[in-house]
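Participant: Quick one: structure below, then a few questions.
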Amino acid sequence: MRRLISVLTIFVAITIAIDDRGVRAEVVDGADQGVLSGESQPSGQTPSLVMEPCDNVQIRSSKLTAVDRPPLNETRSDAGQAQTQENERPQQTVDAPSARSKDSKPNIVLFFVDDLGWNDVGYRNPQFDTPNIDQLANEGLDFTRAYIASPTCSPSRATLLTGKHPARLQMVRHIPADAANGFDLEGRTQQEFNTWKGDPANVPSRNWLPLEHTTYAEALGELGYYNQFLGKWHLGHEPYHPVKQGFDNQFGTTNAGHPKSYQPPFFKHSDVLSDVQEGYLTDVLTDQSIDFIRTYDRDQPFMLSMWYYNVHRPAVGRPDLVAAFQAKGHNDADAIYAAQVKAVDESIGRVRSALSATGIDKNTIVIFLSDQGSWYPNLPLRGNKRVDTLCEGGARVPLIVHWPGVTKPHTKNNSIVQSTDLFPTLVEIAGGDPSLDPNLDGVSLASVIRDNRLLDRGEPLFGYRAYQDLYASVREGDWKLLAYRSGAASLYNIAIDQAEQSDVATANPEKVSELTEKLVEWERQMGVQQYSGFQ
1 MRRLISVLTI
11 FVAITIAIDD
21 RGVRAEVVDG
31 ADQGVLSGES
41 QPSGQTPSLV
51 MEPCDNVQIR
61 SSKLTAVDRP
71 PLNETRSDAG
81 QAQTQENERP
91 QQTVDAPSAR
101 SKDSKPNIVL
111 FFVDDLGWND
121 VGYRNPQFDT
131 PNIDQLANEG
141 LDFTRAYIAS
151 PTCSPSRATL
161 LTGKHPARLQ
171 MVRHIPADAA
181 NGFDLEGRTQ
191 QEFNTWKGDP
201 ANVPSRNWLP
211 LEHTTYAEAL
221 GELGYYNQFL
231 GKWHLGHEPY
241 HPVKQGFDNQ
251 FGTTNAGHPK
261 SYQPPFFKHS
271 DVLSDVQEGY
281 LTDVLTDQSI
291 DFIRTYDRDQ
301 PFMLSMWYYN
311 VHRPAVGRPD
321 LVAAFQAKGH
331 NDADAIYAAQ
341 VKAVDESIGR
351 VRSALSATGI
361 DKNTIVIFLS
371 DQGSWYPNLP
381 LRGNKRVDTL
391 CEGGARVPLI
401 VHWPGVTKPH
411 TKNNSIVQST
421 DLFPTLVEIA
431 GGDPSLDPNL
441 DGVSLASVIR
451 DNRLLDRGEP
461 LFGYRAYQDL
471 YASVREGDWK
481 LLAYRSGAAS
491 LYNIAIDQAE
501 QSDVATANPE
511 KVSELTEKLV
521 EWERQMGVQQ
531 YSGFQ
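And the structure:
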């Protein structure tokens, strides 16, 4: 049984009804409450892009089959089998103000982009055309020093959902799709952990997010929110999909870590969206998001989780956008990537326009975040998703929060924050108390967002992954330690060397010793001390 976080004040009755859609839960005087291919293998070189042929695109409104969550009277096991145990789960209680009421809890829209570098937005780099992201940054609070705890697809998602560090979750690599780890062609496996040939410590990493961990969807659901999920999951096959992890509905979700193409057919071994004959994948997901916003009529706030497949490979841009960037003088590879970024930007603009058109934009918080650095060099920062990933270019990401009436326009915050912080932040914003869960590794940023003050964490930030010799980072103040399985360590002063070009470990042996000792203690707390380079 998961430990759900809730602070609830209004009690309503719940009944179970049966209609032509099956069993569903009904809240009296309220609202209804209620699918892998892996990452490319890291290497020492950044590959070149190959442009894939694309046909002309016609965008259409997409009302396609979505998947609803199991009924409320079902409990879930890690075997993915529903078990009816009405007396085992306490009665759900819901504080459910209207999503369209100015005085209600805020709706929340989370834009989570795949592989978008910290510098790959127009307001930081004029090579990219992102007017909608730029506008969001101008209207909201831009966190300039935001980091991903484990800059890799699956761990970054698990951390965002749970507020727990990937090391604690034992998910320190992406979920692969290879036969050696027991996966079939559809991305399913009965093998709980995977191994990685290049990992010198041979650290096991999970192939799914276990159901016992409370997700932000479950926590917000207990606080009266309806949770809609769209897009990339990459946290396990069907028994571990979003609707098994607290989301009321999912759309466009498969076992895959990335699509086969952004043009149909999108997925190689899945029938999800198989009836879509035309359109660009990002636009299809956006159409569905807009349909959700326009037709949403439940008497409760919502959280819309828009987890993009873009700008992850394959390198397929929408043809009109690719042509536009080629006309500006970009080579094919750069034009495709810029077009993928532009497609995300257009999507964000369309969704925000829908919020405005329905009159709920003033009561909707918008959050924009990337899961890790880009495939490409992210100068002036060192590293990307394939090389030196725990360096600034791989682990540092854009994070913007726009909270109408709370955040001030044109504001920046230089607090050192991490993806672990989003779960407790969402819970507090929704009216809950994140301190009720002692196992969270993040801290709530709600007061930082409200007051735009600097956060004093009281402890370092730790980065961790298990692919190569470089496996951990320790960030405390201006100092950053990079730790290697071989026992080597390098030290940088990020305040004056954000490019991490000048290793000052030899000149600062006491600081190296201090930070490595903190790393060793943290590894013990996470239960990964046996894989340490310093124990």
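Going by UniProt numbering, the sequence shown runs without a break in its numbering and finishes at 535.
Backbone N, C-alpha and C define an ideal beta-carbon position, used for all residues, glycine too.
1) First and last residue of the beta strand (DSSP E) that includes R475?
2) Here's the rule I'm using: 16 or more other beta-carbon atoms within 10 Å means buried, otherwise exposed. How should N363 be labelled?
3) If you measure between the beta carbons of Q245 and L211, is that distance less than 8 Å?
4) Alpha carbon to alpha carbon, what distance is there between D184 and D178?
5) Rounded to whole angstroms, how far is the Cβ of R69 from the Cβ of V341, which I believe are closer than 8 Å?
6) What does DSSP give as the partner residues of G527 in its beta bridges?
7) Let me check understanding here. Comparing Cα to Cα, which of G231, Q277, A66 lies closest to P259?
8) When the Cα of K412 is compared with those of A146, L209, V67, which residue comes out closest?
9) For L273 and G252, which I take to be in contact (beta-carbon distance under 8 Å), what is that distance rounded to the nearest angstrom?
10) Which residues mark the beginning and the end of the alpha helix (DSSP H) in which S490 is found?
11) Looking only at its chain, what residues have a beta carbon closer than 6 Å to the beta carbon of L285, apart from the 5 residues adjacent to it on each side?
12) What did DSSP end up calling W307 once you bin it into helix, strand or coil?
13) Looking at C-alpha atoms only, which residue of F368, N439, V443, R475 is the closest neighbour of E139?
14) State the beta-bridge partners of R465 as determined by DSSP.
15) Enumerated in chain order, which unbroken segments of the beta strand (DSSP E) with a length of 3 residues or greater are wholly contained in the stretch 378 to 457?
16) Does the separation of the CB atoms of Q372 and T152 fall below 8 Å?
17) If I follow the unbroken beta strand (DSSP E) through S486, where does it start and stop?
18) For Q498 versus P380, is the C-beta spacing smaller than 8 Å?
19) Considering only their Cβ atoms, is the gap separating D478 from I494 smaller than 8 Å?
20) So, at 8 Å on beta carbons, what are the nonlocal neighbours of G405 in its own chain, with the 5 sequence-adjacent residues on each side left out?
21) Where does the unbroken alpha helix (DSSP H) through I133 begin, and where does it stop?
22) Between which two residues does the beta strand (DSSP E) containing K288 stretch?
23) Check the DSSP bridge columns for S370 and list the partner residues they point to.
24) Is there contact between the stretch 308 to 322 and the stretch 330 to 340, where contact requires at least three CB pairs shorter than 8 Å?
25) Would you check if the distance between the CB atom of G117 and the CB atom of Y376 is smaller than 8 Å?
Facilitator: According to the structure data:
1) Against the sequence shown, residue 475 aligns to sequence position 475. Counting along the chain, the beta strand (DSSP E) containing R475 begins and ends at 470 to 476.
2) Within the sequence shown, the letter at position 363 stands for residue 363. Burial call: buried.
3) Sequence index remark: in the sequence shown, residue 245 carries index 245 (1-based). Sequence index remark: in the sequence shown, residue 211 carries index 211 (1-based). Closer than 8 Å, so yes.
4) For this step, residue 178 is matched to residue 178 along the sequence shown. For this step, residue 184 is matched to residue 184 along the sequence shown. If you draw a straight line from the Cα of D178 to the Cα of D184, it comes to about 8 Å.
5) Counting from one through the sequence shown, the residue named residue 69 turns up at place 69. Counting from one through the sequence shown, the residue named residue 341 turns up at place 341. The beta carbons of R69 and V341 sit about 32 Å from each other, so the pair does not count as a contact at 8 Å.
6) If you number the sequence shown from 1, residue 527 lands on position 527. Looking at the DSSP assignment, G527 forms no beta bridge with any residue, so it has no partner.
7) Position 259 of the sequence shown, counting from 1, holds the residue named residue 259. It is G231 whose Cα lies nearest to the Cα of P259.
8) The sequence position of residue 412 within the sequence shown is 412, counting from 1. It is A146 whose Cα lies nearest to the Cα of K412.
9) Numbered from 1 along the sequence shown, position 273 holds the residue referred to as residue 273. Numbered from 1 along the sequence shown, position 252 holds the residue referred to as residue 252. With 8 Å as the limit, L273 and G252 qualify as a contact, their Cβ atoms being about 6 Å apart.
10) Counting from 1 along the sequence shown, the entry for residue 490 is found at position 490. Here S490 belongs to no alpha helix (DSSP H); instead the beta strand (DSSP E) covers 489 to 493.
11) As a working mapping, residue 285 is identified with position 285 in the sequence shown. Same-chain partners within the cutoff: L230, G231, G252.
12) To locate residue 307, count along the sequence shown from 1; it is residue 307. Looking at W307 - three-state DSSP - the assignment turns out to be strand.
13) Here the question's residue 139 lines up with position 139 in the sequence shown. Of F368, N439, V443, R475, the residue nearest in Cα terms is F368.
14) The residue you call residue 465 lines up with position 465 of the sequence shown. Beta bridge pairing from DSSP links R465 with no other residue.
15) Correct list: 396 to 402, 411 to 418.
16) Within the sequence shown, numbered from 1, the residue matching residue 372 stands at position 372. Within the sequence shown, numbered from 1, the residue matching residue 152 stands at position 152. In contact: Q372 and T152 (Cβ atoms closer than 8 Å).
17) For the purposes of this step, residue 486 is identified with residue 486 of the sequence shown, where counting begins at 1. Where S486 is concerned, there is no enclosing beta strand (DSSP E), given that its DSSP letter is neither H nor E.
18) Start at 1 with the first residue of the sequence shown, and residue 498 comes out as number 498. Start at 1 with the first residue of the sequence shown, and residue 380 comes out as number 380. Yes, Cβ-Cβ distance for Q498 and P380 is below 8 Å.
19) To locate residue 494, count along the sequence shown from 1; it is residue 494. To locate residue 478, count along the sequence shown from 1; it is residue 478. When the beta-carbon positions are compared, I494 and D478 come within less than 8 Å of each other.
20) The count along the sequence shown starts at 1 and reaches residue 405 at position 405. Correct list, in chain order: K362.
21) Translated into the one-based positions of the sequence shown, residue 133 becomes position 133. 131 to 139 is the span of the alpha helix (DSSP H), which, as asked, contains I133.
22) Translated into positions along the sequence shown, residue 288 becomes position 288. With the sequence shown as reference, residue 288 is identified as Gln, and Lys is not the correct amino acid for it. For Q288, no beta strand (DSSP E) run applies; the uninterrupted alpha helix (DSSP H) run containing it begins and ends at 281 to 295, by DSSP.
23) The residue given as residue 370 occupies position 370 in the sequence shown. Residue pairing by DSSP puts S370 in a beta bridge opposite V113.
24) Between the stretch 308 to 322 and the stretch 330 to 340, the count of Cβ pairs shorter than 8 Å is three or higher; the stretches touch.
25) By one-based count along the sequence shown, residue 117 stands at place 117. By one-based count along the sequence shown, residue 376 stands at place 376. Closer than 8 Å, so yes.
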